[in-house]
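Novice: Once you've had a glance at the structure underneath, I'll fire off some questions.
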Amino acid sequence: MYSAAAAAASPPRRDFISITLSPEEAVGAGGYNNSKAWRRRSCWRKWKQLSRLQRSVILFLFAFLAVCGVISYTSMGEPWKSVTNKSLDDQRTEPEIPGLKLANPAVLPAPQKADANLGNYPELSPQKPPKLPHVRRGPSNLQIKPSRRDARLKTRHDSSRVVEEVVQADKEEKTEKSVISWRGAVIEPDQSTEPPSIKIKEPEKPSSVEAEDQKEPVPINERQLAVIEAFRHAWKGYKDFAWGHDELKPLSKSYSEWFGLGLTLIDALDTMWILGLKEEFEEARKWVANDLLFDKNVDVNLFESTIRILGGLLSTYHLSGDSLFLEKAKDIGNRLMPAFKTPSKIPYSDVNIGRGTAHPPRWTSDSTVAEVTSIQLEFRELSRLTGDEKFQKAVDEVMKHVHTLSGKNDGLVPMFINTNSGQFTHLGVYTLGARADSYYEYLLKQWIQGGKKENELLEDYMRAIEGVKKHLLQRSQPKKLTFVGELAHGHFSAKMDHLVCFLPGTLALGAHNGLTADHMKLAEALIETCYQMYAQVETGLSPEIVHFNLHAQKGHKDVEIKPADRHNLLRPETVESLFYMYRFTGDKKYQDWGWEILQNFNKYTRVPTGGYTSINNVQNPSNPEPRDKMESFFLGETLKYMFLLFSDDIDLINLDKYVFNTEAHPLPIWVPA
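For the sequence shown, position 390 (counting from the first letter as 1) is numbered 390 according to full-length UniProt numbering, and the numbering increases by one without interruption.
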């Protein structure tokens, strides 16, 4: 036995068991060796130990995560693609809207990177072109920057070369934008519908025309010389009998006043510059400098004074570089601003430019839709030149408001809008003639003017043309002429104003700027109709309004003319569209048609002592019944478009650099600074 002391002194006893196994035995017994095979068997045991519900939940979670991953990859695909340096052709892989095809997809210049604070729009700075010496062909040195594409175009049909240039430009600039299609229109993605901002900075002089734009002027041909002779004959009558007044009365050798602001003279300024009439231009400039005063107690129509006076002054400033015309434009622009002081921001029709007051017509509080939506090109350009955003802000608010209004019919708008409520009135009547015509024209032209960035304007234009096709297009008998009628409370009328003949040119301009090729096909059909409105009439001159026969009748032509509609006011719309059609197609028949019209103007409306006169009866060649009035637009539009139609110089008012207002005054297309 151990004693207690010994037990206390001895250390505690420990027992050990040692077992030695071979590696093969350890593995065979299921021991852990960290091999992949062992780990797989271990995980499978764990999985089999789970209940069926637990395994189902885990499988569902894995499936859900897989679906989310696929969706995320799809949504991120396009943004990832846009930051790569793929070619433009690779970028255009988005599916097109069914039924619509993209025509002329490469009319846009290469996109420019904009300052982050300005979004995607170019900074619009005040511009003051330097004064240029007077040259015979006026527009050969114009005061805006040419686009890369314009400077390199050698033919109007070289579309494949344009594609290559745009793609190359995209590669060089490593743009982060792609080009997409909206209803057949070339537009850029990620763009606000806001108009280009006007950030005021110090005026800059535009760069001079690139050396490759300096070329020998195209000689003036015999038909152009005939236009110059016609202009000089008209100008002689105005100078002798109506100098400084609004319109000439050539038969009575006197004048008529509308605003008392020399409308004919101002309307004709840029025409004289384009025709190279230096002496006449200098004469008119002196009158503008010394006698054109806007500080007078007179009511003027906002629309007419904007398109004729403001538009004419701005255009002449751009062509001549003479700051006198910009100063006068700022003066009249400021005096017209009271028209916008209405409860709805829809402007009044009349302004007293001396008192600074405005009012609607005496008989109504309505304005016509065409009048309030066809002043935007001019006021926007005035803001760009002066840096004063109030002009553009006022007219842009009108367009935004009209864009949101109800009462449209597939993009077609009524003719009247109330200045108090801001709502359309006289609903249910739709026309492309008087009181609505230039609304559609200015939708497209504002979009072009602003660099094709204001997509609301494009959307409204495209929708309206679809509305025209759906509701207003018909064919006459017996020649099956395509024409644009009118719709009144669901009833179609085969009535077409001569004013509607602006439409072929507008459609052609849109097609040239990348819209669907169907627009050009429609333009070709409509310009044939407009020509027939002249050719089927005894004097070869169109009446103000025609009615088309929808059913074939023996001895009847397509065109019927009512006694109240058979006057001719020397209007420009058909010649305007002939100019666009010839410029874009090169088809000489358009020049020939215009030549016929000029000859008939000379035959039936020319007054021997000077000037041309409107006539009352286009159906009576022996006595067309002269009205004793020469409208200012005969010099401002009709003869100008005639001269341009007969020219083979595409740089004589290049349509990739200029957009015409509705009074034929060319204003520059905005380009990135």
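Where is the CB? At the ideal position from N, CA and C, for every residue including glycine.
In the DSSP output, what is residue 545 paired with across the bridge?
Specialist: Paired residues: 497.
Novice: For residue 254, which three-state DSSP category applies?
Specialist: The answer is strand: DSSP assigns residue 254 an E or B state.
Novice: For residue 240, I'd like the list of residues in its chain whose CB is within less than 7 Å of its CB, leaving aside the five on either flank, ordered along the chain.
Specialist: Result list for residue 240: 610, in chain order.
Novice: According to DSSP, is residue 613 part of a helix, a strand, or is it coil?
Specialist: Residue state, collapsed to three classes: coil.
Novice: Could you check what DSSP says for residue 663 in three-state terms: helix, strand or coil?
Specialist: DSSP places residue 663 in coil when its eight states are reduced to three.
Novice: Below 7 Å CB to CB, which residues in the same chain sit around residue 439 once its five sequence neighbours on both sides are set aside?
Specialist: The answer, listed in chain order, is 369, 370, 373, 374 and 413.
Novice: Between the Cα of residue 453 and the Cα atoms of 328, 365, 424 and 672, which residue gives the shortest distance?
Specialist: The shortest Cα separation from residue 453 among 328, 365, 424 and 672 belongs to 672.
Novice: Out of 220, 625 and 669, state which residue places its alpha-carbon closest to the alpha-carbon of residue 451.
Specialist: Checked all of 220, 625 and 669; the closest Cα to residue 451 is 669.
Novice: Decide if the segment 414 to 425 is in contact with the segment 476 to 491; the criterion is three or more beta carbon pairs, one per stretch, under 8 Å apart.
Specialist: Not touching, per the Cβ criterion.
Novice: DSSP three-state label for residue 587, please.
Specialist: Coil, per DSSP.
Novice: Determine the direct distance from the alpha carbon of residue 273 to that of residue 81, and round the result to whole angstroms.
Specialist: With a pLDDT of only 46 at residue 81, under 50, the local geometry of the prediction cannot be trusted, and the value read off the model is given with reservation. Residue 81 and residue 273: Cα-Cα distance of roughly 50 Å.
Novice: Using DSSP's beta-bridge definition, name the partner residues of residue 630.
Specialist: Answer is 248, bridged to residue 630.
Novice: Would you say residue 267 and residue 299 are within 9 Å of each other, going by their C-beta atoms?
Specialist: Cβ distance not < 9 Å, so residue 267 and residue 299 don't count as in contact.
Novice: Would you give the residue range spanned by the beta strand (DSSP E) that residue 482 belongs to?
Specialist: Where residue 482 is concerned, the enclosing beta strand (DSSP E) stretches over 482 to 484.
Novice: Does the separation of the CB atoms of residue 416 and residue 366 fall below 9 Å?
Specialist: Yes. Within cutoff.
Novice: Using only the alpha-carbon positions, how far apart do residue 456 and residue 447 sit?
Specialist: In a straight line, the C-alpha of residue 456 is about 9 Å away from that of residue 447.
Novice: Ignore the nearest five residues each way along the sequence and tell me which others in residue 326's own chain have a CB closer than 7 Å to its CB.
Specialist: The residues are 317 and 385.
Novice: What is the residue span of the alpha helix (DSSP H) that residue 231 lies within?
Specialist: Element bounds for residue 231: 222 to 241.
Novice: Check whether the segment 590 to 599 and the segment 637 to 647 are in contact - that is, three or more C-beta pairs closer than 8 Å.
Specialist: The segment 590 to 599 is in contact with the segment 637 to 647.
Novice: Going by the DSSP bridge assignment, what does residue 429 pair with across the sheet?
Specialist: The partner list for residue 429 (beta bridge, DSSP) reads 488.
Novice: Cβ atoms of residue 559 and residue 476: under 9 Å apart, would you say?
Specialist: Going by C-beta atoms, residue 476 is nearer than 9 Å to residue 559.
Novice: Give the single residue among 227, 518, 542 and 308 whose Cα lies nearest to the Cα of residue 262.
Specialist: Minimum Cα distance to residue 262 is reached at 308.
Novice: When you compare only the Cα positions, how much space is there between residue 83 and residue 66?
Specialist: Legend: pLDDT at residue 83 = 40, less than 50; position of this residue unreliable, no value from coordinates given.
Novice: Pairs of beta-carbons, one from the segment 522 to 530 and one from the segment 565 to 584, closer than 8 Å: are there three or more?
Specialist: Yes: the two stretches touch, three or more of their Cβ pairs being nearer than 8 Å.
Novice: Nearest to residue 521 by alpha carbon, out of 359, 567, 465 and 257?
Specialist: Of the listed residues, the one whose Cα sits closest to residue 521 is 465.
Novice: Do residue 573 and residue 659 come within 9 Å of each other at the CB atom, strictly closer than that value?
Specialist: No, they are not a contact pair.
Novice: Could you tell me the distance, in whole angstroms, from the CA atom of residue 270 to the CA atom of residue 289?
Specialist: Near 16 Å, if we compare the C-alpha coordinates of residue 289 and residue 270.
Novice: Please name the residue, chosen from 554, 523 and 562, that lies closest to residue 542 on a Cα-to-Cα basis.
Specialist: Nearest option by C-alpha distance: 562.
Novice: For residue 291, tell me which candidate among 243, 398, 362 and 233 has the shortest Cα-Cα distance.
Specialist: Comparing Cα positions, the closest option is 243.
Novice: Name the two residues that bound the continuous alpha helix (DSSP H) containing residue 606.
Specialist: Neither: residue 606 is in no alpha helix (DSSP H) and is coded neither H nor E.
Novice: Using a Cβ-Cβ cutoff of less than 8 Å, which residues in the same chain neighbour residue 407 once the five nearest sequence positions on both sides are dropped?
Specialist: For residue 407, where only same-chain residues beyond five positions count, the Cβ hits under 8 Å are 413, 414, 423, 424 and 427.
Novice: Report the CB separation of residue 249 from residue 629 in whole angstroms; it is logged as a contact under 8 Å.
Specialist: Residue 249 to residue 629, Cβ: 6 Å. Contact.
Novice: Does at least one heavy atom of the ligand COA sit under 8 Å from the Cβ of residue 621?
Specialist: Summarising the ligand content, the structure contains no ligands, and the ligand COA is consequently not present.
Novice: Considering only residues of the segment 513 to 545, which uninterrupted alpha helix (DSSP H) runs meet the minimum length of 4 residues and lie entirely inside it, listed in chain order?
Specialist: The qualifying runs are 517 to 535.
Novice: State yes or no: is the C-beta of residue 607 within less than 9 Å of the C-beta of residue 626?
Specialist: The answer is yes: Cβ separation under 9 Å.
Novice: Roughly how many whole angstroms lie between the Cα atoms of residue 533 and residue 295?
Specialist: About 43 Å.
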